[in-house]
Amino acid sequence: MDAERRQLLDRLVALQFTAVELQLYLDTHPDDQRALADFNATVQDMAGVRELYESRYGPLLSYGFSSSPRSWRWVEEPWPWQT
Amino acid sequence: MAQVGVGEATAAEDKSFQGGELARAYVPVQVYTRRLSPAEGWKAGTIFPELIRPYAPAPRRGRRRR
Amino acid sequence: MWVYEKALLYPVRVTRPDPRLAKAIITQYGGPDGELAASLRYLTQRYTMPIPQAIATLTDIGTEELAHMEIVAALVWHLIRDASLEELTAAGMGTYYADHDRALYFIDGNGARWTAAYIASKGDPVADLHENMAAEQKARATYERLIDLSDDPDATDVLRWLREREVVHFQRFGETLNLVHEYLSRRRVF
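Protein chains in written order, with our numbering: chain A, 1 to 83; chain B, 1001 to 1066; chain C, 2001 to 2190.
Right, here's the structure in full:
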């Protein structure tokens, strides 16, 4: 995986990790409006970075959440443990 | 032995933690103060600075000190 | 249901083989306090939790543990894939190689196979949440022992990250326990 691709993926996963943390927090603090706003803002940021990543490198999600225009790129390497 | 009567506020509802109910565990509830940036939080393993607990590994050489 | 994302939740950037370390780390793949055990424990307990916040917490942490399992697999895979047969045998992984080549398998550091005996699903939410809090502490302690054993800074970085996740999960299960107790108290008062 080249450095530019690695950097973009790192940016995406860092945002996703923030979303995971806020999700776990909200599960036990469902009335925390500030955390909710932060979660939704993170979801928005993630969507933008994911769209950019996928437009260059192909689908990230399975089962219909990501499309694969022109060719079936889902099968392509690298798989996550191969980098 | 603690008993819960009809209409009594239970120890579980008492937020001050004074006189907590016996024979049960309490974990203090986290209060959201601030969060680290996505990059910082990701590296640290949590976005919440209050939950960071560093670990200093045991020395690899030398006898174990008690 | 589950959806797969083609990315590791935390990157594994190991550059040199270390089958001796892999043999120790594999316990967090298929051992009693490892990520498979954690995931299945939480995912199977969630069906009988009495409040939706508990169902959500168990579902979400159980799902995260699958992501951790993949990270541990990536770590072990990297540590043994380029090791010579000489290195593997010297590390005590010769017999593992005979049965599995360099494939991942669900065992602990001594070769004991994964078993459902590693997990409890009591159906009593208070008991189950205590089981989970204990599991997170045991996993945290195991990662500390693995950090003690590791002299590979790239591997140590991943182990530290996984350890910190256990600390956070413990906090969430503790908060869930509080919520379950509050629910049970409310039900007693009528």
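For each residue, glycine too, the CB sits at the ideal point set by N, CA and C.
Just so it is clear, the structure is predicted and the values come from calculations on it, not from any experiment.
Residue i at chain C interface by Cβ criterion, 8 angstroms
i, result
"A:T28", "yes"
"A:F39", "no"
"B:V1006", "In this predicted model, B:V1006 has a pLDDT of only 40, less than 50, meaning its place in the structure is not dependable; the value taken from the coordinates is given anyway. Yes - at least one Cβ of chain C is within 8 angstroms of the one on B:V1006."
"A:P69", "no"
"A:W79", "yes"
"B:P1057", "yes"
Length of the line joining the Cα atoms of residue i and residue j
i, j, result
"A:E77", "C:H2068", "21 angstroms"
"C:D2099", "C:T2089", "13 angstroms"
"B:R1024", "B:V1031", "22 angstroms"
"C:T2115", "B:A1039", "37 angstroms"
"C:T2176", "A:D27", "9 angstroms"
"C:F2106", "B:G1020", "43 angstroms"
"A:T18", "B:K1043", "11 angstroms"
"C:V2180", "C:M2049", "9 angstroms"
"B:A1056", "C:L2146", "12 angstroms"
"C:P2019", "C:P2032", "21 angstroms"
"C:D2128", "C:S2084", "44 angstroms"
"A:L14", "B:G1041", "The sequence shown places Ala at residue 14 of chain A, not Leu. Each residue's alpha carbon lies about 8 angstroms from the other."
"B:A1058", "A:S71", "52 angstroms"
"C:S2039", "C:E2065", "5 angstroms"
"B:V1029", "C:R2016", "42 angstroms"
"C:P2125", "C:V2012", "35 angstroms"
CB-CB length for residue i against residue j, believed under 8 angstroms
i, j, result
"C:V2003", "C:H2078", "Rounded, the Cβ-Cβ distance is 25 angstroms, inconsistent with contact."
"C:I2119", "C:R2102", "The Cβ separation is near 28 angstroms, so there is no contact."
"C:A2155", "C:L2075", "6 angstroms"
Cutoff 7 angstroms; reference residue i; Cβ partners in own chain excluding five residues on either side
i, result
"A:L9", "Y53"
"C:K2023", "A2091, G2092, M2093, G2109"
"A:Y57", "R5"
Whether residue i touches residue j by CB criterion (8 angstroms)
i, j, result
"A:L60", "A:S66", "yes"
"C:E2136", "C:E2166", "yes"
"A:T42", "A:L24", "no"
Beta carbon proximity, residue i to chain F, threshold 8 angstroms
i, result
"C:D2060", "Annotation note: the requested chain F is absent from the structure, which comprises protein chains A, B and C."
Test: residue i CB closer than 8 angstroms to a CB of chain B
i, result
"A:D31", "no"
"A:R85", "Since the first residue of chain A shown is 1 and the last is 83, residue 85 of chain A is not available in this structure."
"A:Y53", "no"
Contact with chain A by residue i, beta-carbon distance below 8 angstroms
i, result
"B:Y1032", "yes"
Residues near residue i in its chain [Cβ-Cβ closer than 6 angstroms; skip 5 each side]
i, result
"C:T2057", "R2172, T2176"
"C:L2043", "G2062"
"C:I2055", "R2046, M2049"
Cβ neighbours of residue i in the same chain (closer than 8 angstroms, five flanking residues each side left out)
i, result
"C:A2037", "G2031, W2114, Y2118, I2119, A2135"
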